[in-house]
Every structure is written in C-alpha cells, then in structure tokens.
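Worksheet: one structure, shown below.
This is the structure:
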C-alpha cells in the first residue's frame, strides 16, 4: 500500500510539474506579443485589437496551471509564525489540516466551475471584444487547475505524514 501511495504521489506531482513547465513556457509567448503591440502602436501608429487581450488570455492559464506545483514547492504565500516553531506530531497535524482545507477549497471550486465551463462550451462563448476570440476553452482551465490543486493538496497531506509513518515503521 505504501509503494502504491508513493507511486500515486509521484504521478500527481509529475503531472503538475508538466503543467507548471507549460505555464512557464506560456510566459514566453507574452513578451513577443506585447513587443509587437508596442512597436505597432508607437512606431507605426497602428495599434492592434488583439495583443492586450491575447496576453491577458495567456496570463490566466499561466497563473492557474502553475498553482498546483507551486503548492508542492511551498511557493505560495504562507503565514508560518506559529507553524515554524512546531515539531513532531503537532507540526504534522497542522500541515495535514492545512492541506485538507486547501483540498476542500479546491474541490469545491473544481466542482462548481465545471458546469460553467460546459455552459461556455455549449454557447461557444467569446470575449465580446473588438477581436472577439473564443474563450470557452479558457473556462476549462479553471476546473482543471482546481482539480490538480485538489490532488496535489492530498499528496502534500500524505507527504506530511510520511516521515511520521517511516519513524513509526522503524520503531515497530
């Protein structure tokens, strides 16, 4: 059972790492888009109708898809005034509780956002701007990201208990 849980943990973290790297690569698309917009606007007095919106549409998935792996890296803002002083079982209990809260939050958001994504797809939702690109696909990033965050929070809760499990197993 322990090796199965380690395997599931590795798979979830690996998938989230891939999405993290994809999100990191997306940012490289924003720079040339905005550079093109600046050159078109200020050198040729011909601003685009799509560049700012395209960069915004890229930033959304960038932040959402990076979040689950960032949880693994402990890269989110944390207030650890009390938790940094804890050790042993109290620290494990607080970590598991924190990850459980994150999992519940992420699970609820994934559940609630899924019908919204389905609805956007069925309506062929667009941005209603001058450029008016389809944005229904973007709505699927939200439940996907929260589902991945849910899974990563469960993995992190499991990982928080691993040192305690290994010590218990060694002393038994």
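Residue numbers (this note's numbering): 1 to 172.
Glycine is no exception: its CB is placed at the ideal position from the N, C-alpha and C atoms.
Fair warning: this is a prediction, and the values are worked out from it, not measured in the lab.
Check, Outcome
"What residue range does the alpha helix (DSSP H) around residue 39 cover?", "2-42"
"Distance check for residue 138 and residue 159, CA to CA, integer angstroms please.", "31 Å"
"Have a look at 131, 109, 120 and flag the residue whose alpha-carbon is nearest the alpha-carbon of residue 150.", "109"
"Would DSSP call residue 134 helix, strand or coil?", "strand"
"Is any non-hydrogen atom of the ligand SAH found closer than 7 Å to the C-beta of residue 17, if you look at the structure I gave you?", "The ligand SAH is not part of the structure shown, which contains no ligands of any sort."
"Check each candidate in 44, 144, 130 and name the one with the smallest Cα separation from residue 50.", "130"
"Give me the Cα-Cα distance between residue 40 and residue 60, rounded to the nearest whole angstrom.", "24 Å"
"Going by DSSP, what residues sit across from residue 126 in a beta bridge?", "134"
"According to DSSP, is residue 59 part of a helix, a strand, or is it coil?", "helix"
"What is the rounded straight-line gap between the Cα of residue 107 and the Cα of residue 88?", "28 Å"
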